[in-house]
Structures are given as C-alpha cells and as structure tokens.
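Residue numbers (my numbering): 1 to 646. For each residue, glycine too, the CB sits at the ideal point set by N, CA and C. No experiment lies behind these values; they were computed from the predicted model shown.
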Amino acid sequence: MDGARSIRAVDEQAALRAIVEGTAGETGEAFYGALVESLARTLGTSGAWVTEYDEERRRLRALAFWLGGERLDGLEYDIRGTPCETAINETRMVHIPDNLLGRYVRGEVAPGSIQHHLGRLHVESYLGMPLLGEGRVVLGHVAVLDAQPLPPDERVLAIFQIFANRARAEMRRLRLEADLREREQRLGLLVGSAMDAIVELDAGLRVTLMNSAAERVFGCGAGEFGGSDFLRLLEPDAQARLPHLIRQLDEQPRGGQSLWIAGGLAARRTDGTNFPAEATLSRYEVRRRPRYTLILRNVDDRIRAEQQIHSLSAQTEYLREEIKGQHDFEGMIGRSERMAEILRDVKRVATTDASVLITGETGTGKELVARAIHEASRRRDRALITVNCAAVPATLIESEFFGHERGAFTGATKRRQGRFDLADGGTIFLDEVGDLGLELQAKLLRVLQEGEFEPVGSSRSRKVDVRVLAATNRDLEAAIREGRFREDLYYRLNVFPLRLPPLRERGDDVVLIAESFANTLAAKLGVRPATLSAADAARLRSYAWPGNVRELRNVIERALITSPEGVLRLEGMLPGPSSPPPGTKTVVTGGVLTDRDLREVERENLLRALQATGWRVGGAAGAATLLGVKPSTLRSRMAALGIERQ
1 MDGARSIRAV
11 DEQAALRAIV
21 EGTAGETGEA
31 FYGALVESLA
41 RTLGTSGAWV
51 TEYDEERRRL
61 RALAFWLGGE
71 RLDGLEYDIR
81 GTPCETAINE
91 TRMVHIPDNL
101 LGRYVRGEVA
111 PGSIQHHLGR
121 LHVESYLGMP
131 LLGEGRVVLG
141 HVAVLDAQPL
151 PPDERVLAIF
161 QIFANRARAE
171 MRRLRLEADL
181 REREQRLGLL
191 VGSAMDAIVE
201 LDAGLRVTLM
211 NSAAERVFGC
221 GAGEFGGSDF
231 LRLLEPDAQA
241 RLPHLIRQLD
251 EQPRGGQSLW
261 IAGGLAARRT
271 DGTNFPAEAT
281 LSRYEVRRRP
291 RYTLILRNVD
301 DRIRAEQQIH
311 SLSAQTEYLR
321 EEIKGQHDFE
331 GMIGRSERMA
341 EILRDVKRVA
351 TTDASVLITG
361 ETGTGKELVA
371 RAIHEASRRR
381 DRALITVNCA
391 AVPATLIESE
401 FFGHERGAFT
411 GATKRRQGRF
421 DLADGGTIFL
431 DEVGDLGLEL
441 QAKLLRVLQE
451 GEFEPVGSSR
461 SRKVDVRVLA
471 ATNRDLEAAI
481 REGRFREDLY
491 YRLNVFPLRL
501 PPLRERGDDV
511 VLIAESFANT
521 LAAKLGVRPA
531 TLSAADAARL
541 RSYAWPGNVR
551 ELRNVIERAL
561 ITSPEGVLRL
571 EGMLPGPSSP
581 PPGTKTVVTG
591 GVLTDRDLRE
601 VERENLLRAL
611 QATGWRVGGA
621 AGAATLLGVK
631 PSTLRSRMAA
641 LGIERQ
C-alpha cells in the first residue's frame, strides 16, 4: 500500500490506538523511538523523527529517527537550508507536499548529513512542526517525510497533530523532571553552602541533618552528630528552653509553625567553648512525623562582619570621593551670567523629583549637569544609570531599557535586567533621547506616567521608582512638527528645561576652563603645569568652538603634549576660525606682548565677532552675546579701539 492510500485509511481513533500500543511502558528516548516508528507506520510514510533544539547553535539533535525501515542514531544537523528552519523560526506547522529535494537539496552534500539521507531515499515530501514549551520557547521538532507526494489532507494533519502533542507532552515532562532534579541539587548546594548553621531535628530532638556551616560552628566532623541528642550542644538554660519552644510550635496551626527565638540560644562547641547565637525555629511534617529546623547564626561572627562592613563602607566613601575628583567637572566652571543661572537652576531642581530635559550643543556638558543634579538629590546614595539612546541598536533598545525574559527572542538564553530596573530608587539619564523610535517613546511615556513597564517576553508589569533626566542636541519641537517625536512625551520630559549655552556664548569662561584643564591634564600626563599667555587667551576667546568643552579639552591636551614644559603654545592647534580673516593684521606672539600688542589682539578679536554677527552688537545673536559681555561694554571697547562699522 503506498503512502497516500495508507494515510487516507487511517482515522484519529486508530492514531490514538497506535500511540498507546506502540509506546506503552516506554519513557524518555525509548518512548520517542516507539513513537516515531508508530507515526511512520500509521501515516504510511518513509520516515519520522523527533529532535531536541539547541537554540544557541541553531541545531537539531535526533532523539529518535526512523527512516527507510531503520533507525538512525546520533544524527545532528544545522537547520539552515532545511524545511525545519521555517517551522522553528515561524513556530508553526510546515507542509511541503512535493519536490522537497528540488527545493532544499542542491549540489554536493556531505556524507551522513540530513541532506544526504534525504537524497539517498529520494524523499519527495515533508510535514513538520516545532514542539513548544512555556512562553512558546522551542524545545524540539517532530516531522514525517515520504518518498511520494503528501497532498494536503485535514485528516492527515489532525493525526500528525495527535502524535506531535504526545511528543511535546513527553518532552515537557522530561524537561520538568530535569528542572526538578536541578532544583533539588541547587537546594542541596544552597543549604550546604549557607553561612548560617542549619540543623534538622526529629521529634526526640536528635540530629537528622547538619549542614557544613553547622559542623564548622560547633566544631564537629562531617556526619559526626547524626542521630545524636542536640541538647548536648546547648548551654543548660538553652537545654531547658528548646523543648518548651518545640511544644509551642506543635500547638500552632499549620502555615504559622515558625518563630524567632527572642534573645537567641547559648550554644556550646565540642571543645567546651560557648557562643551566643541568634536563632529561628520551624516545624514541618515528613510522612506525618514532625521535623524541626533550627537555623543559628553566631553573633560573634556578625559583630566581626559589621566591623568589616563599617570598614568597607568607609573605604567606599573614600573611593567615591576619589572617583568624584576624577570627573572632569571643568565644564561646570564659569563666571558668566548664563552659567551662574544654570548652576542656580541645578541647585533648585535637584531637591525635587521633577523630570529635567537638558538641551544644548554637543560637548556642552549635558552629562555633567545630569550628574550634578543626581549628586545633589535625595537619590544620591542610589545608582545613576546612563543610557546613550543613539548608541544602542534599534532592535535591542527595548531590551536595554526594560530587560527581557529567557526565550523572549532568538539569542535571549537567560533573563536580563533592564536599565530602568537597575535604576529603581535612583536616577536614569537618557542621553540623546531625541534618537528614540516612536514605539519606544510610547513605552517610555508609560513609565513616566504610571511608574511601571513590562520586560520583553513577560506579561507581568514591574513597578519602579525612577527619576528621569534626559538630554538632546536635537530640536525636539521641530521633531514633533515632523511627527518624529511624541508631543505628550516631550511635555513629560520637559517639566524643568535646562538649556546649556555653547562655549562661544560664555565669554571669559573659556579661559577659566582651559586653565583648569591645563592643571588637571598636566598631572595626568606627568608634565609640569603650563600657563596660558595673553595671546593664547585671546585665541581661545576668538574661536567658535563647534565641539564646545569637549573640543577645548582635546586642544589643551594636545598642546600640553607638544609644548615645552611650563609653556603652553596653541599656535596651529585651532583650525579654521582661530586663524585671522584675510586682510587683518596678525600679531606676533613670541615672547612678552606689549600693551600695544594686546590692544591689537583684542581689536582683531572684536572685529571677528562683529563680522561673524553682521555687525549686530546686542541681542541673542549679537556680538556682545558671542563675546560674553554686555552690549554697553562692547560699545565702550569699540570706541576705545577706534572700531567703526565697515
């Protein structure tokens, strides 16, 4: 009888009988062997197999393979380029009714490979589906194949589904057994490795189990006290007290049979020395017989531990101050009116939990401001978690923010905490928030509104208490108009806006910051501190600083490396705008500058600022703002230096 005819002759009842008769008394891999043979015979196909899936390696390993009337042992294959790949990737049943070899077997194939076996038997058709566990995690795969076409037939698919369900149930059972064994092993390791002494007692207060910590605490060898009277290990007062506590537990209703032993117990080591111990006592039953678990902690050990913790805390505080000193807070230095206002705003908003949106050009110190807000807040003892939204791939950003469960997607082999989880109780800083996609913006809005999120692959919401600081160098209002940024999220983030001015708008601050960089970087480079000449200070003021404080730091570091010790030379360090415009007089800066030289440097600097702003003196886009001085001061200096509009 050919495959197609035998299939049509089979019904669901016969399939169930075939499973029961073929697999009776079998478990594990023997069960799978009986199952695939019954499956192939029931459907009249050339072969059938059950495999387990290795997600990390993307390979299937045969638990049982029946092909051409014989069993194939130890077959393992890569799913790429096979119909199994589609079934696993899309977690669905896949049916290839004919021309299987033409679709999947091309060119030379390796001897012993799955393609080799398919070609050897001239396989024509395939029907397969994944075996799914909890959370639709792929555990394995079951399939049949035939040397003849296997046309679509609802009854065939129903029968195949019956066999697949039985294979999945057995695979889940075996996985649960393995998980149970692993949990029991871990529980044994947990009890054995616990720092507290754990002692199990029977109704006669004889020792039935004692973990390694208890053996160490009492100073006895492994198994030495098994079956012994535990009261021998207690001081007289405790010997009288423990039986009374046991009776107290026996009288309590089930579910509440545990208690904290107020004042602890006075215990005795085998060498006769004693020690005070904190203790808890609980009761349970094994085969209707009571058992008692006594957990003891040597108070002497706790006192030593507390002393060690105090010492480590002091070290941590010291290291925290050291680390704080290593941060380059030079970007927060400044005497300009705008920076003084920024520092006042930072102090005001730090004491609240308000969301802060920090805007400004690249390199203006947005992260430094975020750190300053966190350090001055009530959350300063908890974590400040930073996420660069532009640096994380779009496919991973949701997992980065909210974490994921094991099996949530391909490659998620273990559970992972997200950044919001890590920031619980503290602060999260979302740098370059303007680069977030719209889908994630909606989920971020939910966290801000409700204080909860769901990890990828989980149906449970996670509550968090997180303060959000965000930063961007993008124009978010323009992004809203263009539909690239949610307006409701913008207003949630923009509760307290902070705009950081570019370095070119901060006047003499650039010189103060440069001097600070020169001192701190000289110490790091191991060179003698260098001073800025008046000409170099003028150069710094006249340059536009497109990279702001970050660019300034690089320039000073490069100058320290290339300049003679004690002398900081910036000639050639500043590109483009730092060079005099054509037609202006260049002042020679070697040696000491005369008053005339300094006036000429200042005159050139003012001319550049005026030319750059179209000879506008006041206003936000005026030369006075660019130079960081008042318009009246600029007009006075123009008059003193004989500068008139050209």
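{"Item": "Can you tell me the Cα-Cα spacing of LEU445 and GLU551, whole angstroms?", "Value": "34 angstroms"}
{"Item": "Let me know if ASP658 comes out buried or exposed under the rule of 16 or more other beta-carbons within 10 Å of its beta-carbon.", "Value": "No answer is possible for residue 658: it lies beyond the span of the chain, which begins at 1 and ends at 646."}
{"Item": "Around the Cβ of THR395, are there at least 16 other Cβ atoms within 10 angstroms (buried) or fewer (exposed)?", "Value": "exposed"}
{"Item": "On a Cα-Cα basis, can you pick out the residue from ASP237, THR270, ASN274 and ALA213 that is closest to LEU294?", "Value": "ALA213"}
{"Item": "Does DSSP classify ILE79 as helix, strand or coil?", "Value": "coil"}
{"Item": "Based on Cα-Cα distance, which residue from GLU398, ALA383, GLY223 and GLY221 lies nearest to VAL468?", "Value": "ALA383"}
{"Item": "Roughly how many angstroms lie between the CA atoms of ARG288 and ILE397, to the nearest whole one?", "Value": "54 angstroms"}
{"Item": "Below 8 angstroms on the Cβ atoms is my contact criterion, and I expect ASP536 with LEU489 to pass it. Report the Cβ-Cβ distance as a whole number of Å.", "Value": "Going by Cβ atoms, the distance from ASP536 to LEU489 rounds to 45 angstroms, so no, they are not a contact pair."}
{"Item": "Which residues in the same chain have their Cβ closer than 6 angstroms to the Cβ of LEU493, if we skip the five residues on either side of it in sequence?", "Value": "SER355, LEU357 and ALA470"}
{"Item": "Should PRO253 be listed as close to the ligand NAP, given that the test is whether its C-beta is under 7 angstroms from any heavy atom?", "Value": "For the structure depicted, the ligand NAP is absent and the ligand set is empty, with no information on it obtainable."}
{"Item": "Specify the secondary structure class of LEU118 as computed by DSSP and reduced to three states.", "Value": "helix"}
{"Item": "Are the beta-carbon atoms of LEU574 and VAL555 separated by less than 8 angstroms?", "Value": "yes"}
{"Item": "If you reduce the DSSP assignment to three classes, tell me which class ASP328 lands in.", "Value": "Here ASP328 scores only 44 on pLDDT, less than 50, and its place in the model should not be relied on; the value that follows carries that caveat. Reduced to three states, the DSSP call for ASP328 is coil."}
{"Item": "Taking the continuous alpha helix (DSSP H) assigned at THR625, which residues delimit it?", "Value": "623 to 627"}
{"Item": "Nearest-angstrom Cα distance between ARG504 and SER458?", "Value": "49 angstroms"}
{"Item": "Cα-Cα, which of ASP424, PRO497, MET93 and GLY81 is closest to GLY648?", "Value": "There is no way to answer for residue 648, as the model of the chain reaches only from 1 to 646."}
{"Item": "Residues in the same chain with beta-carbon distance under 8 angstroms from LEU132, minus the five sequence neighbours each way, listed in chain order, please.", "Value": "THR91, VAL138, LEU139 and ARG168"}
{"Item": "Kindly list the residues whose CB is nearer than 8 angstroms to the CB of LEU641, restricted to its own chain and excluding five residues on each side of it in sequence; keep chain order.", "Value": "ARG599, GLU602, ARG603 and LEU606"}
{"Item": "My assumption, with CB atoms under 8 angstroms, is that GLY81 sits in contact with TYR104. Please give the rounded CB distance.", "Value": "6 angstroms"}
{"Item": "According to DSSP, simplified to helix, strand and coil, what is LYS89?", "Value": "One point to set straight first is that residue 89 is Asn, not Lys, in the sequence displayed. Correct three-state label for ASN89: helix."}
{"Item": "Which of the three DSSP states is assigned to ALA535 in this structure?", "Value": "helix"}
{"Item": "According to DSSP, simplified to helix, strand and coil, what is LYS463?", "Value": "strand"}
{"Item": "Less than 8 angstroms between the beta carbons of GLY47 and GLY68, yes or no?", "Value": "yes"}
{"Item": "So what does DSSP say about THR42, is it helix, strand or coil?", "Value": "helix"}
{"Item": "Could you give the first and the last residue of the continuous beta strand (DSSP E) run that contains LEU131?", "Value": "125 to 132"}
{"Item": "Does the distance from the C-beta atom of GLY507 to that of PRO455 stay below 8 angstroms?", "Value": "no"}
{"Item": "With burial defined as no fewer than 16 other Cβ atoms inside 10 Å of the residue's Cβ, what is the status of ALA143: buried or exposed?", "Value": "buried"}
{"Item": "Kindly indicate which three-state DSSP category GLY434 falls into: helix, strand or coil?", "Value": "helix"}
{"Item": "Give me the Cα-Cα distance between THR42 and ARG166, rounded to the nearest whole angstrom.", "Value": "15 angstroms"}
{"Item": "Assuming SER113 contacts LEU150 (C-beta within less than 8 angstroms), just tell me the rounded distance between them.", "Value": "Not a contact, Cβ separation roughly 22 angstroms."}
{"Item": "In chain order, what residues of the same chain have a beta carbon less than 7 angstroms from the beta carbon of GLU321, not counting five sequence neighbours either side?", "Value": "Annotation note: pLDDT 45 at GLU321 (below 50); position unreliable, coordinate value reported separately. Taken in chain order, the list of residues that qualify is empty."}
{"Item": "Which residue's Cα is closest to the Cα of THR351: ALA376, GLY334 and ARG344?", "Value": "ALA376"}
{"Item": "Just the Cα atoms here: how many angstroms apart are LEU259 and ALA267?", "Value": "18 angstroms"}
{"Item": "Alpha carbon to alpha carbon, how far is GLU215 from ALA262?", "Value": "24 angstroms"}
{"Item": "Measuring only the C-alpha atoms, how far is PRO290 from ALA240?", "Value": "20 angstroms"}
{"Item": "Just to check my reading of the structure: LEU296 and VAL217 have Cβ atoms closer than 8 angstroms, yes? What is that Cβ distance to the nearest angstrom?", "Value": "7 angstroms"}
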